[in-house]
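This note's numbering applies: residue 76 is where the sequence shown begins, and numbers increase by one. Backbone N, C-alpha and C define an ideal beta-carbon position, used for all residues, glycine too. Just below is one structure, and these are the notes that go with it.
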Amino acid sequence: MTVLQQHSSHWGAFTAEVEAGRVVGVRGFARDPAPPALLANIPDLVHAPCRIDRPYVRKGWLQGRRAGHPRGGEAFVPVGWDQALRLVAEESARVRAEHGPASIFGGSYGWSSAGRFHHARTQLHRYLGVTGGYTGQVTNYSYGAGMTLMPHIVGNNACIQGPTTDWAAIVDHAKLCVAFGGLPAKNGLVAAGGAGVHEYGGWHRRAARAGVRMVNVSPVRGDVPADVGAEWVPIRPGADTAFMLGMAHTILAEGLHDQDFLDRCTDGFAALAAYVLGESDGQPKTAEWAAALADVPAETIRQLGRDIVRLPSMLTATWSLQRADFGEQPYWMLVALASMAGQVGRPGCGFAFGFGSMNGMGTPRIELATPSLSGGRNPADSWIPVARITDMLEKPGEEYDYNGQRRLYPDTRMIFWAGGNPLHHHQDLNRLLRAWARPDTIVVSDPLWTAAARHADIVLPATTTLERNDIGASSRDRFIIAMRQVVRPQAQARNDFDILADLADAAGVRERFTEQRNESAWLRFLYERARHQVQQEGQAMPDFDSFWEQGFIEFPAPDQPYTEFAGFRADPGGRRLRTQSGRIQIGSPLLGGFGHADCPGHPAWREPREWQLSPLAEKFPLHLLSCQPSTRLHSQGDPGRVSLASKIEGREPIRMHPEDAAARGLVAGQVVRIFNDRGACLGGLVLDDGLRQGVVVMATGAWFDPLEPGVAGSLCVHGNPNVLTRDEGTSALGQGPVAQSCLVEIEAFEGKLPPVRVHLPPPIEALA
Ligand SMILES: Nc1nc2c(c(=O)[nH]1)N[C@H]1C(S)=C(S)[C@@H](COP(=O)(O)OP(=O)(O)OC[C@H]3O[C@@H](n4cnc5c(=O)[nH]c(N)nc54)[C@H](O)[C@@H]3O)O[C@H]1N2
Ligand SMILES: Nc1nc2c(c(=O)[nH]1)N[C@H]1C(S)=C(S)[C@@H](COP(=O)(O)OP(=O)(O)OC[C@H]3O[C@@H](n4cnc5c(=O)[nH]c(N)nc54)[C@H](O)[C@@H]3O)O[C@H]1N2
Ligand SMILES: [Mo]
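Now the structure itself:
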């Protein structure tokens, strides 16, 4: 007999089909016009051969070999829950007492699951907070540089995170949409907290049908789906700021800039104008200058410059643009360009970031509170910018810059991670692995034997989301979803909440952690709190029991299109932005005063440290873009059927232009070795003439599978591109990751193909 149960995930709500206690299939949510194919990965995750069936401890750790020992190369010893929790409790108490709370690194970056209560990272923060504090992480891998910059420029981060100008306004009013990085369909499959509906792709098509001219400025033609009919400008990766400066030069030189808007609504334009015209540095940023860097015709740049003034225009950039050297600059320059063109605040016009990056970005929605759990206070008040983890481990006590502050790295003795996969997500994994050997103890909670779990000392088996009750909600979606438990916890897996409650108990603070609520009391509490707020915001929500019974709530779409900055444009004096001048900072005396050469007082071209015009390109001529996967969410779902079906001889696909392949004697379907001075991995070759020549694309998220586990620098036989990417901050301002500034070379893989072992458990040994 098949039992049906509704649940949700970051890639959408669904109904699970259960037979004899096993998830055998999933059906897309009935209200969803486009449920993503990658939902089909779900049964394979719940019942994966690489589920962690019980707690484990690394053998060498049990034998006293701690700091300095490379992790990942040893067998694990099965232990009972009591012993595992006792070891974690004793070790955290020891580290806190000997080294202080900041020596426990609990940033725990990662997406974990869609449910807002059992959100692993938030639960961990609550536990570490009530037991004395920890070092956390601020900003994110998604748009860390952008989100540090934008409050200085426009006063907040709505233009990156939403609510931003919506597609309804664009459809009604814009005539031109210039999309840097395009509007890739694959990224719309996903939203943090899940989705009742995937409406994202539909809006691009409606805009095109309404006569909005779409321009895809990207190294990848497929970054706007073919049926949208966009023009393709195959820019050299990393050249976007130069391209925009070339447009700005045309606008200025031809006197097309909107002086009235600039005077009323912006501050600091004179400094940028002097720079664009070359008065301040001797180099006019002409379209010809930009064309040489971007490798597109100067006339294309010039014409686009004129068009964004002439036509009601929306300028967008994906989040990936700022995940690169000096990633703050294209974002700042896009704001400046839209301002010069006088588009900001005109209906359906201006600038926005992330339209091509996630479901729900730009989708019309009434802003309402959603149920959510707070991570609580961190009494240690210690944190690092998210992507500076390797630096932190390598350089305890050393100084670094962030956002105008001089800060110190803490001395990390223990790491506790729940709901993220740093050995998937961080750049330059070989460098991270060397630094990962330094702490005394690493604890990882995850349902699966991910690379992070394999490189831990104490491994705690967590439930998957389908093994518990929760509430799914996203600030970018109109639905709240009842996520009903689908199957029992598998093997000895436990909920993070229960694991951490027992650990809090060992520290004598169980009730401060649980607040005397169990799962069902928490769900009711979080829901009712949101309901109360929503009522104050003028919308109705049923009581908790009716919601749970009904299964979901759908809020109406707003009846008016929304344009960000419309109110500000109409009344800049009355609607001051929360910036230094109260206006848009095209130049910023504040940022100029920070004195960072890599992020000066106005948007500026800084040649990427690594790209095809740097000397390194002689040795490594291909530009690698490691983008988001269409077959999974980051590393989640990699052992699932949709992800596995895309692999070539078990290796992650890498896309290359046919002429680049021919020049190297490579053919489609072949296993290749991708390498640079930082590392190497295997991949399966796919030919794609929709790529700019010289650019290769490999998705993130194939589980890191070193040929020699525990040896940094070993070949990843599966295809995690982060063995190749560089680990450096975007600038002293944002310190964001620079994954997209990466050069590689590719050759045929010769010799016997090593097996991919990472989707099976690691070696396990009982102690005599
Ligand atoms: N080269 C390169 N690298 C990148 C990027 C890029 O563009 N290029 N993008 C970056 C970006 S934007 C991001 S957001 C990151 C994503 O990096 P992550 O968020 O770390 O990636 P996920 O694979 O989502 O990891 C989530 C983990 O949580 C586990 N999990 C799920 N549910 C639970 C639970 O209930 N409890 C516990 N304990 N664990 C659970 C999953 O099994 C999985 O291992 O990657 C970044 N890395
Ligand atoms: N299916 C799926 N969707 C996802 C995710 C996932 O794992 N799977 N992850 C989600 C998360 S956490 C995030 S943060 C977002 C990330 O969203 P994004 O950062 O927008 O995603 P990417 O795929 O890295 O990049 C988008 C496009 O930008 C283009 N691009 C890259 N570099 C350059 C450049 O230098 N110049 C120009 N002009 N274009 C460039 C690439 O061709 C790429 O296809 O995606 C979200 N959506
Ligand atoms: Mo992200």
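In terms of residues, what are the limits of the alpha helix (DSSP H) holding residue i?
i: M408; result: E403 to M415
i: Y345; result: Before going further, note that residue 345 is Ala rather than Tyr in the sequence given. A345 -> alpha helix (DSSP H) spans F344 to V351.
i: S167; result: W156 to H174
i: S595; result: E594 to Q611
i: I117; result: I117 to V121
i: F336; result: Q334 to C340
i: G321; result: D315 to A328
Under a CB-based cut-off of 7 Å, is residue i close to chain C?
i: L762; result: The structure shown has no chain C; it contains just one protein chain.
Report buried or exposed for residue i, applying the criterion of at least 16 other Cβ atoms within 10 angstroms of its Cβ.
i: E374; result: exposed
i: H43; result: Summary: the structure shown does not reach residue 43, with the chain confined to residues 76 through 843, and so no result is reported for it.
i: L320; result: buried
i: N453; result: buried
i: P294; result: buried
i: S188; result: buried
i: R191; result: buried
i: S83; result: buried
i: I749; result: buried
i: D335; result: exposed
i: V561; result: buried
i: V609; result: buried
For ligand 1, is there any heavy atom lying closer than 6 Å to the beta carbon of residue i?
i: T325; result: no
i: W186; result: yes
i: P796; result: yes
i: D400; result: no
i: D119; result: no
i: L523; result: yes
i: N496; result: yes
i: Q404; result: no
i: Q711; result: yes
i: T775; result: yes
i: H500; result: yes
i: D571; result: yes
i: A328; result: no
For residue i, is the beta carbon positioned less than 6 Å from some heavy atom of ligand 2?
i: T845; result: One cannot answer for residue 845 here, as it falls past the ends of the chain, which runs 76 to 843.
i: S432; result: yes
i: S721; result: no
i: F255; result: yes
i: D315; result: yes
i: S293; result: yes
i: D128; result: no
i: S705; result: yes
i: I383; result: no
i: C125; result: no
i: Q768; result: no
i: I310; result: yes
Confirm the yes/no value for this check: CB of residue i, any heavy atom of ligand 3, distance under 6 Å.
i: Y275; result: no
i: S550; result: no
i: S701; result: no
Would you mind reading off the limits of the beta strand (DSSP E) that contains residue i?
i: L757; result: G754 to L762
i: P153; result: F151 to P153
i: G616; result: Looking at the sequence shown, residue 616 is not Gly but Met. Where M616 is concerned, there is no enclosing beta strand (DSSP E), given that its DSSP letter is neither H nor E.
At what residue ranges does the segment 423–448 contain a whole run of the beta strand (DSSP E), taking only runs of 3 or more? 425–428
Mind pulling the alpha helix (DSSP H) runs of 4 or more residues that sit fully within the segment 668–723? 716–721
Can you list, in chain order, the stretches of the alpha helix (DSSP H) that have 4 or more residues and sit fully within the segment 198–279? Qualifying alpha helix (DSSP H) stretches, in chain order: 219–229, 233–236 and 242–248.
Should the segment 540–554 be called in touch with the segment 795–812, which here means at least 3 C-beta pairs below 8 Å? no
Tell me, please, whether the segment 189–203 touches the segment 448–456 by the rule of three or more beta-carbon pairs shorter than 8 Å. yes
Across the segment 248–258 and the segment 387–395, are there enough close Cβ pairs to call them in contact, namely three or more that are closer than 8 Å? In this structure the segment 248–258 touches the segment 387–395; the number of beta carbon pairs closer than 8 Å is three or more.
I'd like to know if the segment 108–117 and the segment 508–515 are in contact, where contact means that at least 3 CB-CB pairs between them fall below 8 Å. The segment 108–117 is not in contact with the segment 508–515.
Given 8 Å as the limit, is there contact between the segment 121–137 and the segment 565–585, that is, 3 or more CB pairs closer than that? yes
Mind pulling the alpha helix (DSSP H) runs of 4 or more residues that sit fully within the segment 481–563? 497–500, 504–511 and 526–529
For the pair the segment 397–413 and the segment 680–699, tell me if three or more CB-CB distances fall below 8 Å. Remark: three or more beta-carbon pairs, one from each stretch, lie closer than 8 Å, so the segment 397–413 and the segment 680–699 are flagged as touching.
For the segment 402–413 and the segment 826–833, state whether three or more C-beta atom pairs, one from each stretch, are separated by less than 8 Å. no
Are the segment 258–276 and the segment 86–102 in contact at 8 Å, needing three or more beta carbon pairs? yes
Quick check: the segment 459–471 against the segment 501–513, are there 3 or more CB pairs under 8 Å? yes
Assess, as a yes-or-no matter, whether the segment 179–188 is touched by the segment 486–505 under the definition of 3 or more beta carbon pairs within less than 8 Å. yes
Are three or more beta carbon pairs between the segment 475–488 and the segment 639–649 nearer than 8 Å? Short answer: they don't touch.
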